[in-house]
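Asker: Chains as they are written, first to last, in my numbering: chain A, 177 to 421; chain B, -8 to 290. Mind looking over this structure? Questions follow.
In structure tokens, the structure reads:
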């Protein structure tokens, strides 16, 4: 009897503990002063959405970092090395920015970090073994899906409240533009010359898996790629979920 | 019997509150937070069943409802030493957590203003856990029962969320900026330390819980050492890998280059074999000689 009562009372008390007010601590404030000026505190934002956004973006940038590291490990001493290094440095900057945001907004990182560590490096190295075209095709695929992802997030934040999320929106927009630059650099360096045999198909399908969405891929990789894309798209729904775990 | 008496006394408290309060309508129209708790629970502790009612005014002060519940719970806590625990275990946890956050925030501000020195991580964590556990001292006789209530399957989600938010706060104010898997390991370790120290405190009878604080100190030192050891193992492993790679490169390049540098080495070996007493070293040297001879042969 008392147990049932306690349980019932406990259920209703659920909201009480978790509704504690948590302003951005002095510690977090030191890291990103700008967010306080735009009125974005831990109280008035849509915590669930912002948490998810920052977690997925951080995981994505970390994965991209590891992909470039893998590519550099194989192709670092070739002519394409400096290009990859430049893109890698920009990704490092992105990762640093999201890490700061993560600490300031008290967001937890994704559980699968060690997994993305290994998989990203393997993907980068694997595609780089296909040669320069393979590495560039991987870059194009990943950057395309990341840009698509960023666009979705920007749309979502704009729908909610553009002024409140102004700083965060600026950051995401800037990064999306830089990712699209990488995408164009990849195309410039003959990404489309990668072969369409089964091996290339699997290897190029994998970056889409990691990037977690496909858009506009049919135009780029005609023929057999279309069938694989439908299959990959189904899997991507689960990958998208796993990025935010 | 006991819960009923408690219920009655809490009712009295509510009545006295109602007289003080200016807006009785909001009082009687409190919206029940869980519709599932609609059935009457005569033996249940207090607030929520009494708030089951006919259509609450939702837009009205969600805030004042919360504040009111807060006040009732705080007042109810006074009855705990006499009547024991029911659901206040969770309320107590929540309130202690908010108090802890305030305390940590104050200390953080002091450090920033330069009035206090920045403490090392282990000292900071030790103080934070001690502060939090000291808040339990007023309820220490009945806390084991509270803990058992927290462990009930119904309550595990809320007690877990309390524990995780507390541990997260502690690490945040201790200066943790990890953004990889370390985030999880650190919090898991601190949660383990907190739980074991709490259990030790339940059975501690030393003056001012000295044994508990000593236990806490030892556990935190263990955790720190574990961290150091992990780092050392990692660096040793890396050094080992580098050494092996270097040896492999040396051997492969030695086999690839011409054998001339190795020939002067040959005559020395029979001499060294005769000089050494230990058969093992002799066999090793003979093997070395064989390897050199093999490397001389064209592949």
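C-beta atoms are modelled at their ideal positions from N, C-alpha and C, and glycine is treated no differently.
Near residue 305 of chain A, which residues of its chain fall below 8 angstroms by C-beta distance, leaving aside the five closest residues on each side in sequence?
Answerer: For residue 305 of chain A, where only same-chain residues beyond five positions count, the Cβ hits under 8 angstroms are 250.
Asker: Which residues bound the alpha helix (DSSP H) around residue 252 of chain A?
Answerer: No alpha helix (DSSP H) holds residue 252 of chain A; DSSP gives it neither H nor E.
Asker: To the nearest angstrom, how far is the alpha carbon of residue 272 of chain A from that of residue 185 of chain B?
Answerer: Approximately 32 angstroms between the Cα atoms of the pair.
Asker: Specify, as a first and last residue, the run of the alpha helix (DSSP H) that residue 163 of chain B falls within.
Answerer: Looking at the DSSP string, the run of the alpha helix (DSSP H) that includes residue 163 of chain B is 147 to 165.
Asker: Short check: CB of residue 240 of chain A to CB of residue 269 of chain A, under 9 angstroms?
Answerer: No, the pair does not count as a contact, with Cβ atoms beyond the cut-off.
Asker: Which residues, in order along the stretch 282 to 293 of chain A, keep a beta-carbon less than 8 angstroms from a beta-carbon of chain B?
Answerer: Answer in chain order: 282, 284, 285, 287, 289 and 290.
Asker: Do residue 102 of chain B and residue 109 of chain B have their C-beta atoms closer together than 9 angstroms?
Answerer: Yes; because the gap between Cβ atoms is below 9 angstroms, this pair is in contact.
Asker: Roughly how many angstroms lie between the CA atoms of residue 350 of chain A and residue 222 of chain A, to the nearest whole one?
Answerer: One C-alpha to the other measures close to 22 angstroms.
Asker: Give the single residue among B:99, B:169, B:66 and B:123 whose Cα lies nearest to the Cα of residue 234 of chain A.
Answerer: Checking every option, the nearest Cα to that of residue 234 of chain A belongs to B:169.
Asker: Specify the secondary structure class of residue 316 of chain A as computed by DSSP and reduced to three states.
Answerer: It is helical.
Asker: Assign residue 421 of chain A to one of three DSSP states: helix, strand, or coil.
Answerer: Residue state, collapsed to three classes: coil.
Asker: In this structure, how does DSSP classify residue 131 of chain B when only helix, strand and coil are distinguished?
Answerer: Residue state, collapsed to three classes: coil.
Asker: Could you list which residues in chain A have their beta carbon closer than 8 angstroms to that of residue 172 of chain B, in chain order?
Answerer: Neighbours of residue 172 of chain B on chain A, chain order: 285, 287, 289 and 290.
Asker: Can you tell me which of A:263, A:342 and A:296 puts its alpha carbon nearest to the alpha carbon of residue 360 of chain A?
Answerer: The residue with the shortest Cα to Cα distance from residue 360 of chain A is A:263.
Asker: Nearest CA to the CA of residue 126 of chain B: which residue from B:156, B:115, B:94 and B:152?
Answerer: That would be B:94, whose Cα lies nearest to the Cα of residue 126 of chain B.
Asker: How many Å lie between residue 164 of chain B and residue 115 of chain B at the Cα?
Answerer: Going by the C-alpha atoms only, they are around 9 angstroms apart.
Asker: Against chain B, does residue 365 of chain A count as a neighbour if the rule is that its beta carbon must be under 9 angstroms from one of theirs?
Answerer: Output row for residue 365 of chain A: interface = no.
Asker: I'd like to check one pair, residue 155 of chain B with residue 182 of chain B: are the Cβ atoms closer than 9 angstroms?
Answerer: Their beta carbons are under 9 angstroms apart, which means residue 182 of chain B touches residue 155 of chain B by this criterion.
Asker: Verify whether the separation of the beta carbon atoms of residue 68 of chain B and residue 83 of chain B is less than 9 angstroms.
Answerer: Cβ atoms of residue 68 of chain B and residue 83 of chain B: closer than 9 angstroms.
Asker: Can you name the residues of chain A whose CB is closer than 7 angstroms to the CB of residue 168 of chain B?
Answerer: Correct list: 279.
Asker: For residue 316 of chain A, count neighbouring C-beta atoms within 10 Å of its own C-beta (all shown protein chains included) and say buried if the count is 16 or more, exposed if not.
Answerer: Residue 316 of chain A is buried by the Cβ-count criterion.
Asker: Which of the three DSSP states is assigned to residue 46 of chain B in this structure?
Answerer: In this predicted model, residue 46 of chain B has a pLDDT of only 39, less than 50, meaning its place in the structure is not dependable enough to derive any value.
Asker: Quick one: Cα of residue 418 of chain A to Cα of residue 296 of chain A, how far?
Answerer: Spanning the two alpha carbons is a distance of roughly 15 angstroms.
Asker: Which chain B residues are close to residue 234 of chain A, counting only those with a beta carbon under 9 angstroms from its beta carbon?
Answerer: What residue 234 of chain A touches in chain B: 170.
Asker: Can you list, in chain order, the residues of its chain with a C-beta nearer than 6 angstroms to that of residue 298 of chain B? Leave out the 5 residues immediately preceding and following it.
Answerer: Outside the shown range of chain B (-8 to 290) lies residue 298 of chain B, about which nothing can therefore be said.
Asker: Contact defined as beta carbons within less than 8 angstroms: I believe residue 187 of chain B pairs with residue 210 of chain B. What is the distance between those atoms, to the nearest angstrom?
Answerer: Correct: roughly 7 angstroms between the Cβ atoms.
Asker: Whole angstroms are fine: how far does the CA of residue 235 of chain B sit from the CA of residue 147 of chain B?
Answerer: Those two C-alpha atoms are separated by around 50 angstroms.
Asker: Where does residue 421 of chain A land, buried or exposed, given buried means 16+ other C-beta within 10 angstroms?
Answerer: With fewer than 16 other Cβ atoms within 10 Å, it is exposed.
Asker: Mind listing the chain B neighbours of residue 275 of chain A? Cutoff is C-beta to C-beta under 7 angstroms, in chain order.
Answerer: Those within 7 angstroms of residue 275 of chain A in chain B are 170.
Asker: Measure from the C-beta of residue 159 of chain B to each C-beta in chain A and report whether the shortest distance is under 9 angstroms.
Answerer: Residue 159 of chain B counts as touching chain A.
Asker: Quick one: measure Cβ to Cβ for residue 81 of chain B and residue 149 of chain B, integer angstroms, because I've assumed they're closer than 8 angstroms.
Answerer: The Cβ separation is near 6 angstroms, so the contact holds.
Asker: State whether the stretch 280 to 291 of chain A contacts the stretch 327 to 341 of chain A, with contact taken as three or more CB pairs (one from each stretch) at a distance under 8 angstroms.
Answerer: No, they do not touch.
Asker: Taking C-beta to C-beta, are residue 230 of chain A and residue 277 of chain A nearer than 9 angstroms?
Answerer: Yes. Within cutoff.
Asker: If you run the structure through DSSP and keep just helix, strand and coil, what is residue 61 of chain B?
Answerer: Three-state DSSP puts residue 61 of chain B in a helix.
Asker: When you compare only the Cα positions, how much space is there between residue 308 of chain A and residue 99 of chain B?
Answerer: Their Cα atoms are separated by approximately 52 angstroms.
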